[in-house]
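Shown next, in structure tokens, is the structure this report addresses.
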Amino acid sequence: MACFDYKTRAMYIGFVVLVSMLVCSFAHLQRFEHPAKADGTLSFLVVGDWGRNGNFNQSEVALQMGRIGEKLDIDFVVSTGDNFYDDGLKGVNDPAFEESFTKVYTAKSLQKQWYSVLGNHDYRGDVEAQLSPVLRKIDSRWLCLRSFIVNAEIVEIFFVDTTPLVDKYMTDKEHSYDWRGLSSRKNYISNTLKDLEMALSESTAKWKFVVGHHAIRSAGYHGDTPELIRHLLPILKANNVDFYTNGHDHCLGHIASHDSPIQFLTSGAGSKAWRGYVNPNYGNALKFFHDGQGFMSVELSPTNAQIVLYDVFGKILHKLSMSKELLHSAI
Ligand SMILES: *[C@@H]1O[C@H](CO)[C@@H](O)[C@H](O)[C@H]1NC(C)=O
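The opening residue of the sequence shown carries number 4 in the working numbering; numbering runs sequentially from there.
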């Protein structure tokens, strides 16, 4: 070191700082602590594929989310992505942010933290805008990041940015995608999966939820995502994940696994729906399917999970109750 001249030393220090910045930003998923209720329970809503200025029943779904949110005294809201149609946000000043979010989800019970992932439609706009803290200044409920963790004591929720894993967007000639910030797809995917695997294996939470935009399993029009079955599912299976929830298919769905406890829940019915398709090949693994608008609620205690799917009128369509002990001793 002593023989380094000033310039070499400055470059060396710059290099070390750069490397540690890279290591810090890639080696660990950002974590947010969200306290559970005083009695140790927690409840939240899950909605996906919604931002259409209130159209296509988005406002009706929002109204019912407000009502159910009040009833369950929810702690936060999870968005499974495709937050703004058709092409994400144009920038941090895009009025769509307020027209499709702030002015739609106006109920008192929805004035909580929202945790959001990006969907493929969000990648068609200015991705950095949705991730920007500037939006949090406009509406403090907003938090959208690529991949991150919410630790809510009895549950850890792992949010995964699934769009870069899906091959077809790389060759889609009809739309352009904003891949800024992802230096190399291969590294991005392998780092994201490695970080997720590490975080899941270290988690001591009673319940483990994983959230992504694309389905691992879905009976809707888009259906299963082969890339996620190949790369993501084995990690979830190896780490006792209880639930995987997604949007992308504009419907509500529940598919059970035959070789692990994982339940696959689609909640992508926040606005435009009625695609008119259900995959007939799931047999009795398909526990429920609704080809229309709606949303999902999750209520957790240390021993029980209750998931409920609601339609556009807030009517209960499907209920799933899980006991932690039973769930794992059954395998
Ligand atoms: C809104 O919901 C109602 C009730 O399900 C349905 O009849 C109507 O077609 C929906 N509108 C749209 C645009 O999906």
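A virtual CB, placed ideally from N, CA and C, is assigned to each residue, including glycine.
Taking the alpha-carbon positions, what's the residue i to residue j distance?
i	j	result
tyrosine 313	histidine 253	14 Å
serine 179	glycine 273	24 Å
serine 204	serine 150	16 Å
leucine 185	lysine 197	16 Å
phenylalanine 292	histidine 321	9 Å
arginine 70	leucine 45	17 Å
serine 332	histidine 31	Confidence at serine 332 is low in this model, with a pLDDT of 47, below 50, so its placement is unreliable and the value that follows should be read with caution. Serine 332 and histidine 31: Cα-Cα distance of roughly 32 Å.
asparagine 242	leucine 199	10 Å
glycine 122	glutamate 230	15 Å
lysine 176	valine 169	15 Å
glutamine 116	leucine 134	15 Å
histidine 257	phenylalanine 316	19 Å
alanine 65	alanine 132	23 Å
Please determine, among the options, the residue with the shortest C-alpha to C-alpha distance to residue i.
i	options	result
proline 299	Lys290, Val107, Leu239, Val311	The sequence shown places methionine at residue 299, rather than the proline named in the question. Of Lys290, Val107, Leu239, Val311, the residue nearest in Cα terms is Val311.
glycine 335	His217, His234, Arg233	The shown model of the chain, from 4 to 334, leaves out residue 335, and the question about it has no answer.
isoleucine 265	Val158, Gly271, Thr248	Thr248
phenylalanine 146	Gly295, Asn307, His37, Gly286	Looking at the sequence itself, residue 146 is leucine, so the reference to phenylalanine does not match. The shortest Cα separation from leucine 146 among Gly295, Asn307, His37, Gly286 belongs to His37.
valine 158	Asp245, Gly223, Val169, Ala222	Asp245
valine 213	Gly250, Ala132, Arg144, Gln296	Gly250
glutamine 61	Lys318, Tyr224, Lys106	Lys106
aspartate 78	Leu113, Asp90, Ser103, Leu138	Leu113
Assuming residue i is part of the beta strand (DSSP E), what are its boundary residues?
i	result
asparagine 287	Taken as a continuous stretch (DSSP letters only), asparagine 287 belongs to no beta strand (DSSP E), as it is neither H nor E.
threonine 269	266-270
isoleucine 152	151-155
glutamate 36	33-36
Give the range of the alpha helix (DSSP H) segment to which residue i is assigned.
i	result
lysine 171	Segment: none, lysine 171 is in no alpha helix (DSSP H) and carries neither H nor E.
aspartate 198	188-205
glycine 69	61-75
histidine 234	229-234
Using beta carbons (cut-off 8 Å, strictly below), is residue i in contact with chain D?
i	result
serine 204	Of the chains in the structure shown, none is chain D; there is only one protein chain.
Can you pull every residue whose C-beta falls closer than 5 Å to some heavy atom of ligand 1, listed in chain order?
My final list is Phe59, Asn60, Val315.
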